[in-house]
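According to my numbering, the stretch in the sequence shown is residues 6 to 310, in order.
Glycine included, every Cβ here is placed at the ideal spot set by N, Cα and C.
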Amino acid sequence: MHNPIDSRQLSNFCELVKMRTMRKAAKNLNLTTSAVSYSIKNLESDLGCKLFQRDSHGLELTHAGRRLYSISDDLLTSLTKTRYLVHEWGEVSQKTLRIGATSAACQYIIPMVLRELKESFPGMNIQITVGTSYKLMEEIEENNADVAIFPWGKAGKKNLTSIGKDSLEFIVNPLHPWASNSSNLLETIESQRIILPDSKGYTFDLVNEYFNSYRKKLMPFIEISNEEVIKRLVELDIGIGILPDWILKDEKEKGSVVSIPIGRKQIKRNWVVSHSENRELSFAETLFIGVASNVAQSLFSDMLQ
């Protein structure tokens, strides 16, 4: 059974230690000197020991008093923080968390993050916007989203938190010639039917930049920002997709697609959560970032196993 110290008595004790006299402490606390004296006596009675020695020079801390004062600031800070957190939990349950996500994040990461959020904040409303990395960055800058998760470059800005990295690969139908012979991909890449992400998105620019470095120009046969559709099209042998391996776990187990390394150099993506630069993160947003990081790293690590 808990038997905690009275926080008001502890606060009065700390103020008396700082001020050194009952009169000054009472003035700062907006109390009478007798009220402060009564509070300290009750605290000493509760703890069963003297906290001050009273002599002609004033008040001096006892050994127990010094030890209590050394930890009292942390105790009071923790209690104050708890008050603010509980207040925020009460408020956030009535609020809406506006989340931005790319198609892949929305399909594979967001559902597991929301399960955790709804357990912590069952009354909180969720609003989800799906878009490209560039569009989601604009949503954050224009205050149309509270947090957003998407692949990006280096997380150099203070409002970008890196949550994991992945790399892209070719995916083909098992009957595609590349499935049995992937030795000369770059020589034949321009003649292939390539299914690429939205040309207005970050991943498209990343892929385009990679092949431009080899002086290869990719002309999208189909352009779509939906990883599930890309997988289905590859399964039907309609074209070649470019996706991260962690998205393909079920299809590879079924043998409906084959993944092939893009080349000696990898196309790597850094996944981030973005939030506003102009205000402090709320508890719900901080929790979102932490859970999203755990989920992403768990998904991405599967491709290394």
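Please list, in chain order, all residues of the same chain as glutamine 271 whose beta carbon is under 8 Å from its beta carbon, the five residues on each side excluded.
Ser172, Leu173
Glutamate 240 and glutamine 112 look like a contact to me (Cβ under 8 Å); what is the Cβ gap, rounded to whole Å?
Not a contact, Cβ separation roughly 17 Å.
Assuming isoleucine 104 and isoleucine 115 are in contact, meaning their beta carbons sit under 8 Å apart, how far apart are those beta carbons, in whole angstroms?
7 Å
From Glu282, Glu146, Thr101, Thr208, pick the residue whose C-alpha is nearest to that of lysine 163; which is it?
Glu282
From which residue to which residue does the alpha helix (DSSP H) around aspartate 255 run?
254-259
Among Ala106, Gly169, Val118, Glu258, which residue has its Cα nearest to the Cα of alanine 150?
Ala106
Quick check on this structure: which residue in Thr208, Lys221, Tyr207, Ser188 has the alpha carbon closest to the alpha carbon of serine 196?
Lys221
For the alpha helix (DSSP H) containing lysine 32, name the first residue and the last one.
27-34
Count the CB pairs spanning the segment 177-186 and the segment 240-251 that are closer than 8 Å, and state whether there are at least three.
Because the criterion of three Cβ pairs below 8 Å is met, the segment 177-186 and the segment 240-251 touch.
Quick check: valine 278 and valine 152, are their CB atoms within less than 8 Å of each other?
Closer than 8 Å, so yes.
Assuming leucine 21 contacts isoleucine 45 (C-beta within less than 8 Å), just tell me the rounded distance between them.
6 Å
Integer-rounded CB distance, given that arginine 25 should sit under 8 Å from glycine 63:
6 Å
What number of angstroms, rounded off, separates the C-alpha of arginine 13 from the C-alpha of leucine 286?
Distance between the alpha carbons of arginine 13 and leucine 286 is about 30 Å.
Among the residues of its own chain, which have a CB less than 8 Å from the CB of threonine 37, if the five just before and after it don't count?
The residues are Ala31.
Counting C-beta neighbours from all protein chains within 10 Å, is the total for aspartate 203 16 or more, i.e. buried, or is it exposed?
buried
Compare the beta carbon distance of asparagine 148 and threonine 101 with 8 Å and say whether it is the shorter of the two.
no
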